[in-house]
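Undergrad: First the structure, which I've put down as structure tokens, then a few questions once you've had a look.
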């Protein structure tokens, strides 16, 4: 048991976080699961603790994160696998989002995981081992109407992850970005939709249509194609290089869901057309021989 990997997972109240924690525990690993309000999920806490896991209160935006992380590290003496899963989606037309809303989105989705990584990384560096898993989204690949700040927060996290991937690879540390598509979790239905009025000029646009769709989802829910249990199992397998991912080459990004892969194809095609369409311009900018 002493050699079993130690996981520290944020945002375990719903969706991937709690499910991944249970999968890791059932595999014989040690898990410290966290959420901002554990009192809201007594059944999950009972499940995790019955399997030998620990559950801690952890507000990722608290100035006390260092103290909590030190307490978590002291439980087993180390953190082998960090999973930054906590986050939320702020939706709305860019021009109606307030500065406070924008800053709050960046604090939770970007600065919080960055600060957690900064605290955990030195010990991983000294051990020359560790895995950092940042849960992103297809919104981290493609920014669509109403998702300017949500995508902005995920793009920022992916940029840091991409640089960090190269920086720590020689030190024996892995970095993984998980990009889920649409999964059957409360995430979409609990998205934070700005309540500021939408200017009339947006009537009939993709912005208005997207807001209407998200409000409908919040009210009655919509079935999503992704199975959370299957997705979390894939994440576990990819992190551990076992099961379904045993013979899969390791990359920085792990897309999840057929709808997510479709967004990749669209984005790649768009970038290629953009590059080809401006070739005559970018080729003309080098200094003359």
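In this note's numbering, the protein residues as written are 928 to 1216.
Every residue, glycine too, gets a C-beta built ideally from N, C-alpha and C.
(1) Please classify residue 1193 as buried or exposed, where buried requires at least 16 neighbouring CB atoms within 10 angstroms.
(2) For residue 1070, which residues of its own chain have a beta-carbon under 6 Å away from its beta-carbon, when the five flanking residues on both sides are left out?
(3) Starting from residue 1024 and walking both ways along the beta strand (DSSP E), at which residues does that stretch end?
(4) Name the DSSP beta bridge partners of residue 1100, please?
(5) Under 6 Å Cβ to Cβ from residue 1083, same chain only, skipping five residues before and after it: list those, please.
(6) What span of residues does the beta strand (DSSP E) with residue 982 cover, start to end?
(7) Closest by CA to residue 1091, which one among 1157, 1109, 1052, 1118?
(8) So for residue 1178, helix, strand or coil by DSSP?
(9) Counting Cβ pairs, one atom from each stretch, are 3 or more of them under 8 Å apart for the stretch 928-942 and the stretch 1010-1018?
(10) Rounded to whole angstroms, what is the Cα-Cα separation between residue 962 and residue 1131?
(11) Nearest CA to the CA of residue 1121: which residue from 1099, 1157, 1204, 1141?
(12) Can you look up residue 1153 in the DSSP assignment and give me helix, strand or coil?
(13) Using beta-carbon positions only, say whether residue 1152 and residue 1185 come within less than 9 Å of one another.
(14) Nearest to residue 1031 by CA position, among 1161, 945, 1173, 1076, is which residue?
(15) With DSSP run on the structure shown, which of helix, strand or coil describes residue 968?
(16) Specify the secondary structure class of residue 962 as computed by DSSP and reduced to three states.
(17) Helix, strand or coil for residue 1042? Go by DSSP, reduced to three states.
(18) Leaving aside the five residues before and after residue 1003 along the sequence, list all residues of the same chain whose C-beta is less than 6 Å from its C-beta, in chain order.
(19) If you draw a straight line from the alpha carbon of residue 915 to that of residue 1159, how long is it in whole angstroms?
(20) When the Cα atoms are used, what is the spatial distance from residue 943 to residue 1163?
(21) State the DSSP-derived secondary structure class of residue 1107, mapped to helix, strand or coil.
(22) Under a Cβ-count criterion, where at least 16 other Cβ atoms within 10 Å of its own Cβ denotes burial, should residue 1081 be classed as buried or exposed?
(23) Which word fits residue 1107, buried or exposed, when buried means at least 16 other C-beta atoms lie within 10 angstroms of its C-beta?
(24) Determine the DSSP secondary structure at residue 1011, reduced to helix, strand or coil.
(25) Which residue wins for smallest C-alpha separation from residue 1126, given the options 1024, 1060, 973?
(26) Count the other CB atoms within 10 Å of the CB of residue 1074; is the residue buried (16 or more) or exposed (fewer)?
(27) Return the residue from the list 1005, 1177, 1072, 1196 that minimises the CA-CA distance to residue 1021.
TA: So, from the listed chains and residues:
(1) Sequence index remark: in the chain shown, residue 1193 carries index 266 (1-based). Burial call: exposed.
(2) Translated into the one-based positions of the chain shown, residue 1070 becomes position 143. Closer than 6 Å at Cβ, skipping near neighbours: 1078.
(3) For the purposes of this step, residue 1024 is taken as residue 97 along the chain shown, with counting starting at 1. Under the DSSP assignment, residue 1024 falls outside any beta strand (DSSP E); it carries neither an H nor an E label.
(4) Stepping through the chain shown from its first residue, residue 1100 is reached at position 173. The secondary-structure analysis by DSSP pairs residue 1100 across a beta bridge with 1057.
(5) For the purposes of this step, residue 1083 is taken as residue 156 along the chain shown, with counting starting at 1. Once the five neighbours on either side are set aside, the close Cβ partners of residue 1083 are 1037.
(6) Here residue 982 refers to the residue found at position 55 when the chain shown is read from its first residue. It spans 981-984 - the beta strand (DSSP E) in which residue 982 sits, taken as one unbroken run.
(7) Within the chain shown, the letter at position 164 stands for residue 1091. Residue 1091 has its Cα closest to that of 1052, out of 1157, 1109, 1052, 1118.
(8) As a position in the chain shown, residue 1178 is number 251, starting the count at 1. Coil.
(9) Touching, yes, given that three or more Cβ pairs across the two stretches are closer than 8 Å.
(10) Residue numbering aside, residue 962 sits at position 35 when the chain shown is read from its first letter. Residue numbering aside, residue 1131 sits at position 204 when the chain shown is read from its first letter. Roughly 39 Å between the two C-alpha positions.
(11) Here residue 1121 refers to the residue found at position 194 when the chain shown is read from its first residue. It is 1141 whose Cα lies nearest to the Cα of residue 1121.
(12) Within the chain shown, the letter at position 226 stands for residue 1153. Looking at residue 1153 - three-state DSSP - the assignment turns out to be strand.
(13) In the chain shown, residue 1152 corresponds to position 225, counting from 1. In the chain shown, residue 1185 corresponds to position 258, counting from 1. Yes, these two residues count as a Cβ contact at 9 Å.
(14) Against the chain shown, residue 1031 aligns to sequence position 104. When C-alpha distances from residue 1031 are compared across 1161, 945, 1173, 1076, the shortest belongs to 1076.
(15) Here residue 968 refers to the residue found at position 41 of the chain shown. Residue state, collapsed to three classes: coil.
(16) Reading the chain shown from its first residue, position 35 is the one you call residue 962. Of the three classes helix, strand and coil, the one that applies to residue 962 here is strand, per DSSP.
(17) As a working mapping, residue 1042 is identified with position 115 in the chain shown. In the structure shown, residue 1042 adopts helical secondary structure according to DSSP, grouped into three states.
(18) Within the chain shown, numbered from 1, the residue matching residue 1003 stands at position 76. The residues are 933, 957.
(19) The displayed coordinates of the chain run from 928 to 1216. Any statement about residue 915 would go beyond what the structure contains.
(20) Along the chain shown, read from residue 1 onward, the residue named residue 943 stands at position 16. Along the chain shown, read from residue 1 onward, the residue named residue 1163 stands at position 236. Taking the straight line from one Cα to the other gives about 11 Å.
(21) The residue you call residue 1107 lines up with position 180 of the chain shown. When secondary structure is reduced to three states using DSSP, residue 1107 falls in the strand class.
(22) Locating residue 1081 in the chain shown gives position 154, where the first residue counts as 1. So residue 1081 ends up on the buried side.
(23) If you number the chain shown from 1, residue 1107 lands on position 180. The residue in question, residue 1107, is buried, as its Cβ has 16 or more Cβ neighbours within 10 Å.
(24) As a working note, residue 1011 is residue 84 in the chain shown. In the three-state scheme derived from DSSP, where H, G and I count as helix and E and B as strand, residue 1011 is classed as strand.
(25) Within the chain shown, the letter at position 199 stands for residue 1126. It is 1024 whose Cα lies nearest to the Cα of residue 1126.
(26) Counting from 1 along the chain shown, the entry for residue 1074 is found at position 147. Classification for residue 1074: buried.
(27) In the chain shown, residue 1021 corresponds to position 94, counting from 1. Nearest to residue 1021 by alpha-carbon distance, out of 1005, 1177, 1072, 1196, is 1072.
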